[in-house]
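Residues in the sequence shown are numbered consecutively from 0, following numbering that gives the first Met the number 0. Beta carbons are placed, not taken as given, at the ideal position from N, Cα and C, and that holds for glycine. Take a look at the structure below.
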Amino acid sequence: MSFPDGFLWGTATAAHQIEGGNATSDWWEFEHRPGTPCLEPSGDACDSWHRWPEDLDLCAVLGFGTYRFSIEWSRIEPAEGEWSRAALDHYRRICDGCRERGLVPMVTFHHFTSPRWLAERGGWEAPDAPERFARFCQRAAAALGDLVGWACTINEPNVVALMGYVLGAFPPGVHDQDRRRRVDDALVRGHRLAVEALRSGPGSAPVGLTLSMSDYQALPGGEALADRLRHQSEDVYLQATGGDDFVGVQTYTRIRVGPDGMLGPEPGVPVTQMGYELWPEAVEATVRRAAAVSGLPVLVTETGVGTAEDGDRIAYFSRVLQGVRRCLDDGVDVGGLVAWSLLDNFEWTLGYQPTFGLVAVDRRTFERRPKPSAHWLGELARHGGGDLAG
Ligand code: NOJ
0 MSFPDGFLWG TATAAHQIEG GNATSDWWEF EHRPGTPCLE PSGDACDSWH
50 RWPEDLDLCA VLGFGTYRFS IEWSRIEPAE GEWSRAALDH YRRICDGCRE
100 RGLVPMVTFH HFTSPRWLAE RGGWEAPDAP ERFARFCQRA AAALGDLVGW
150 ACTINEPNVV ALMGYVLGAF PPGVHDQDRR RRVDDALVRG HRLAVEALRS
200 GPGSAPVGLT LSMSDYQALP GGEALADRLR HQSEDVYLQA TGGDDFVGVQ
250 TYTRIRVGPD GMLGPEPGVP VTQMGYELWP EAVEATVRRA AAVSGLPVLV
300 TETGVGTAED GDRIAYFSRV LQGVRRCLDD GVDVGGLVAW SLLDNFEWTL
350 GYQPTFGLVA VDRRTFERRP KPSAHWLGEL ARHGGGDLAG
């Protein structure tokens, strides 16, 4: 099975999940709070703050063409209005390091974490949070913009709002639908201002939002509820992407909805370490939907599977790629696939239990060991396709 020339093949990470020691962020405080829902703190993570050259080497040597990573606002602006030249230089070296290895840097400007000083002022509920975020983007773009290949503003804002303000599993850990709606509005505004800010800097990287999407499947009687849930979680953001250069789709599973609510996994369907169904076809469904609703070119900026069975990962990506191929055959503009994740890393509330990595990381020595799926997917990347499993 082959993919077009220019189709992007990449792997993704995020600062807090791999760098270690991200102590000026709201997440660090949340992990250490009495009664935290987190199974364990992030600690040293994968020590990628120091070991990033090894990560880039792996990504490039395996055969990938792009590396998606995030820059950490709380390191770059550790106190309000105080900018760390050293942190910006650090991320500039990573961008340079990508270019030197033939990797296109795909940079995320907000991946779940915010500086503690912002959290103390109300986080995304602070009246000027969108402006503060845009100011950060402008600073960061001024320092890195000429090297950035793709710019992602806010990672999964819908997850930030849902997990933080309804399910209480992310900071600030509250349960309040009304606050969620206000935060949705703030995140939409933050995204719009960030697009402007990123476009004002040097460079001309395409700018877009990356959205968590699921294939909502209604069972008889569940149609209205499925539409409502999907609208609230996805369309509110897809409708805010007008004028962007692309939309990033991040899909991991389907969600079945009955008349009384969301249903758990269907008996007989395998379940991942995350507790949801292993359902790779959800990527195809959401790519089609994102393209139709937004009218923009689509990139799959994340998909992957938390599993201890690496063979299941190969089967998963094979089915994902078959779906992407069907989209291309139907003329859907999908420009690439970025696998979550390069490394086994800190999976937020679930700590280091779920393993999404193409590469295993020894938790004591930080040694990186590519799994068979890393070589398999890297070969597909190198050749623009090949034999898919199953
Ligand atoms: C989406 C998030 O962007 C990422 O941080 C997370 O680790 C993966 N999904 C897997 O749950």
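Gly356 versus Leu341 - alpha carbon distance:
Along the sequence shown, one-based indexing puts residue 356 at 357. Along the sequence shown, one-based indexing puts residue 341 at 342. Straight-line Cα distance between these residues: approximately 5 Å.
Under the criterion of a Cβ to heavy atom distance below 7 Å, does Tyr351 qualify as lining the ligand NOJ?
The count along the sequence shown starts at 1 and reaches residue 351 at position 352. Incorrect: Tyr351 has no Cβ contact closer than 7 Å to the ligand NOJ.
What I want to know is whether the C-beta of Ser211 ends up closer than 7 Å to one or more non-hydrogen atoms of the ligand NOJ.
Translated into positions along the sequence shown, residue 211 becomes position 212. Yes, the Cβ of Ser211 comes within 7 Å of a heavy atom of the ligand NOJ.
For Val256 versus Pro264, is the C-beta distance shorter than 8 Å?
Position 257 of the sequence shown holds residue 256. Position 265 of the sequence shown holds residue 264. Contact flag unset, no.
Would the stretch 108–121 count as touching the stretch 15–33 if we require 3 or more Cβ pairs under 8 Å?
yes
To the nearest angstrom, how far is it from the Cα of Ser41 to the Cα of Pro219?
As a first step, residue 41 is located in the sequence shown; it is residue number 42 there, counting from the start. As a first step, residue 219 is located in the sequence shown; it is residue number 220 there, counting from the start. Using only the alpha carbons, I get a separation of about 42 Å.
As a quick exercise: from Gly200, Ile153, Gly172 and Gly163, pick the residue whose alpha carbon is nearest that of Arg191.
Here residue 191 is taken as the residue at index 192 of the sequence shown, counted from 1. Among Gly200, Ile153, Gly172 and Gly163, the Cα nearest to that of Arg191 belongs to Ile153.
For the ligand NOJ, is there a heavy atom less than 7 Å away from the beta-carbon of His374?
Residue mapping note: residue 374 aligns to position 375 of the sequence shown, counting from 1. His374: no, Cβ never under 7 Å from the ligand NOJ.
Would Pro279 and Tyr236 qualify as a contact pair, given that the criterion is a beta-carbon distance under 8 Å?
Residue 279 sits at position 280 when you count from the first residue of the sequence shown. Residue 236 sits at position 237 when you count from the first residue of the sequence shown. No, Cβ-Cβ distance for Pro279 and Tyr236 is not below 8 Å.
With respect to the beta strand (DSSP E) encompassing Gln249, which residues constitute its N-terminal and C-terminal limits?
The sequence position of residue 249 within the sequence shown is 250, counting from 1. It spans Phe245 to Gly257 - the beta strand (DSSP E) in which Gln249 sits, taken as one unbroken run.
What does the alpha-carbon distance come out to for the pair Asp211 and His110?
Numbered from its first residue, the sequence shown carries residue 211 at position 212. Numbered from its first residue, the sequence shown carries residue 110 at position 111. A small fix is needed here, since residue 211 is Ser in this sequence, not Asp. Going from the Cα of Ser211 to the Cα of His110 covers about 12 Å.
Run through DSSP, which three-state label would Cys151 get?
As a working note, residue 151 is residue 152 in the sequence shown. The answer is strand: DSSP assigns Cys151 an E or B state.
Under 8 Å, do Gly267 and Pro296 count as touching if we go by C-beta distance?
Your numbering for residue 267 matches position 268 in the sequence shown. Your numbering for residue 296 matches position 297 in the sequence shown. Not a contact, by the Cβ cut-off of 8 Å.
8 Å Cβ cutoff met for Ile17 and Ala44
For the purposes of this step, residue 17 is identified with residue 18 of the sequence shown, where counting begins at 1. For the purposes of this step, residue 44 is identified with residue 45 of the sequence shown, where counting begins at 1. Contact: yes.
Does the beta-carbon of Asn21, which I'm using as the reference point, lie nearer than 7 Å to any heavy atom of the ligand NOJ?
As a position in the sequence shown, residue 21 is number 22, starting the count at 1. Answer for Asn21: no, Cβ out of range of the ligand NOJ.
Can we count Glu301 as close to the ligand NOJ, meaning its CB is less than 7 Å from some heavy atom?
Position 302 of the sequence shown, counting from 1, holds the residue named residue 301. Result yes, Cβ under 7 Å from the ligand NOJ.
Please state whether DSSP places Met261 in a helix, a strand or coil.
As a first step, residue 261 must be located in the sequence shown, where it is residue number 262. In the structure shown, Met261 sits in a strand (DSSP, three-state: E or B).
Going by DSSP, which residues form a beta bridge with Leu7?
The residue labelled residue 7 in the question sits at position 8 within the sequence shown. Beta-bridge pairing links Leu7 to Gly335.
Quick one: complete alpha helix (DSSP H) runs, 4+ long, within the stretch 10–54?
14–17 and 25–31
Cα-Cα separation between Leu320 and Gly305, rounded to whole angstroms
Here residue 320 is taken as the residue at index 321 of the sequence shown, counted from 1. Here residue 305 is taken as the residue at index 306 of the sequence shown, counted from 1. Approximately 17 Å, taken between the alpha carbons.
Measuring CB atoms only, is the stretch 197–212 touching the stretch 229–249, in the sense that at least three cross pairs come out at less than 8 Å?
yes
Could you compute how far the alpha carbon of Glu124 sits from the alpha carbon of Arg324?
What you label residue 124 is simply residue 125 of the sequence shown in a count that begins at 1. What you label residue 324 is simply residue 325 of the sequence shown in a count that begins at 1. Taking the straight line from one Cα to the other gives about 41 Å.
DSSP three-state call for Pro108: helix, strand or coil?
For the purposes of this step, residue 108 is taken as the residue at position 109 of the sequence shown. For the sequence presented, residue 108 should be read as Phe rather than Pro. The answer is strand: DSSP assigns Phe108 an E or B state.
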